[in-house]
Every structure is written in structure tokens, then in C-alpha cells.
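Trainee:
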Amino acid sequence: MYALIASEEMENPLLPPIPELVIGLIAFLIVFLFLAKKLIPNINKVLDERRAAIEGGMEKAEAAQAEAQQVLEDYRAQLADARHEAARLRQEAQEQGVALIAEMRSEGQRQREEIIAAGHAQVEADRKSAAAALRQDVGQLAIDLAGRVVGESLTDAGRQSRTIDRFLDSLEVKAADETKAEAGR
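Residues in the sequence shown are numbered consecutively from 43, following our numbering.
1) Need the endpoints of the alpha helix (DSSP H) that A69 sits in, please.
2) Under the rule that 16 or more other beta-carbon atoms within 10 Å means buried, what is I185, buried or exposed?
3) Roughly how many angstroms separate the alpha carbons of L71 and P61, rounded to a whole number?
4) Can you give the Cα-Cα distance for Q182 and L210, rounded to whole angstroms?
5) Could you have a look at P55 and say whether DSSP puts it in helix, strand or coil?
6) Taking just the CA atoms, how far does K87 sit from E101?
7) Count the other C-beta atoms from every protein chain shown that fall within 10 angstroms of the C-beta of I206, then say buried if there are 16 or more, exposed otherwise.
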């Protein structure tokens, strides 16, 4: 019994028996080889695919962002061009408006001057017509009056015309003298 106790005392409780240690080591190597040959390459493959997908997604996102930035810059450039074009069109419209107003004013001035000239011509024609009619009426009255004063009829047309002309000329001379006298005062 003593040998049994001595053999039991020699065994260390922290160290497993050698056969168990060998079987455990063989099992560990089998599991390790299985993991190294089958599972780890699959895991690495999946991780590489994920990394590639993430990097590709990031590249796509960066490309999309760059494209969006380019589209935004193009839009801003088009907007600036449209604003410049609108300002140019407004300026042209204002210039055309000013030119049209100036043209209409000059046309109105020309028409006004034509109307005034036509009015002056009409007044002059009316004055001459009225003067001729007045001369005729005054002449007739003068002949009638002269015929009564003289006591004979002055029906001869030539004599009437000369008498009327002398009478009216003397009236015009008197009117001109009175105008000069008033201007001298």
C-alpha cells in the first residue's frame, strides 16, 4: 500500500496524465488544421469581400459626391449666365425704351410744328380772304358813298376799282403813320 500511496504522491494534480495529454494534443492539432485549412480561408475570403465592397462603396460615394459637386458648379455657372443674360436684356429694353421715347418726342415735336405751320398758313389764308372780302365790302360802301356825295353813279368798273384802291391806300398810310407815332412814344 505504501507503494500505492507513494505513486499517488508522485503524481502532480496540476499535470494531466501523459496519455490524456497526447490525445488532447492530437485533437487540438486536428481542430487547428481544420480551422487553418477550411474555416480561416473562408473567413478571410468573406472579410476581403466585405473590405472590397466597403472600399468600392466609398469610391462610388466619393465619385457620386464629386459628380454632384460638378453638377452643382455647372448649375451655379448656368444660373450666373442666366442672370447676366437677364441683366443684358433688361439693359437693352431700357435703352430701346429711351430710344423709343426720344423718337416719339421728336415725332411729336415734328407733328406739332407741322400743325402750327398749317395753322399759321390757314390763319394767313383766312386773313387774306377776310382782307379781300373786307376790301370788296369797304370799296362797295365807298363807291356808294362817293356816288351820293358826287351826285352821279360810279358804275364804271375801272373807275370803281381805282377809287377803291386810292381810298384803301390812304387808309393804310394813315394806319402806318399812327403805328409809328405810337412806337415813338
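Even glycine gets a Cβ: it sits at the ideal position worked out from N, Cα and C.
From a predicted model like this one, the values you see are computed outputs, not experimental measurements.
Mentor: According to the structure shown:
1) By one-based count along the sequence shown, residue 69 stands at place 27. Here the alpha helix (DSSP H) through A69 covers 60-76.
2) In the sequence shown, the residue the question calls residue 185 occupies position 143. Classification for I185: buried.
3) Residue mapping note: residue 71 aligns to position 29 of the sequence shown, counting from 1. Residue mapping note: residue 61 aligns to position 19 of the sequence shown, counting from 1. The straight-line gap from Cα to Cα measures roughly 15 Å.
4) In the sequence shown, residue 182 corresponds to position 140, counting from 1. In the sequence shown, residue 210 corresponds to position 168, counting from 1. Near 12 Å, if we compare the C-alpha coordinates of L210 and Q182.
5) Numbered from its first residue, the sequence shown carries residue 55 at position 13. P55: coil per DSSP, three-state reduction.
6) In the sequence shown, counting from the first residue as 1, residue 101 sits at position 59. In the sequence shown, counting from the first residue as 1, residue 87 sits at position 45. Going from the Cα of E101 to the Cα of K87 covers about 21 Å.
7) As a working mapping, residue 206 is identified with position 164 in the sequence shown. With 16 or more other Cβ atoms inside 10 Å of its own Cβ, I206 counts as buried.
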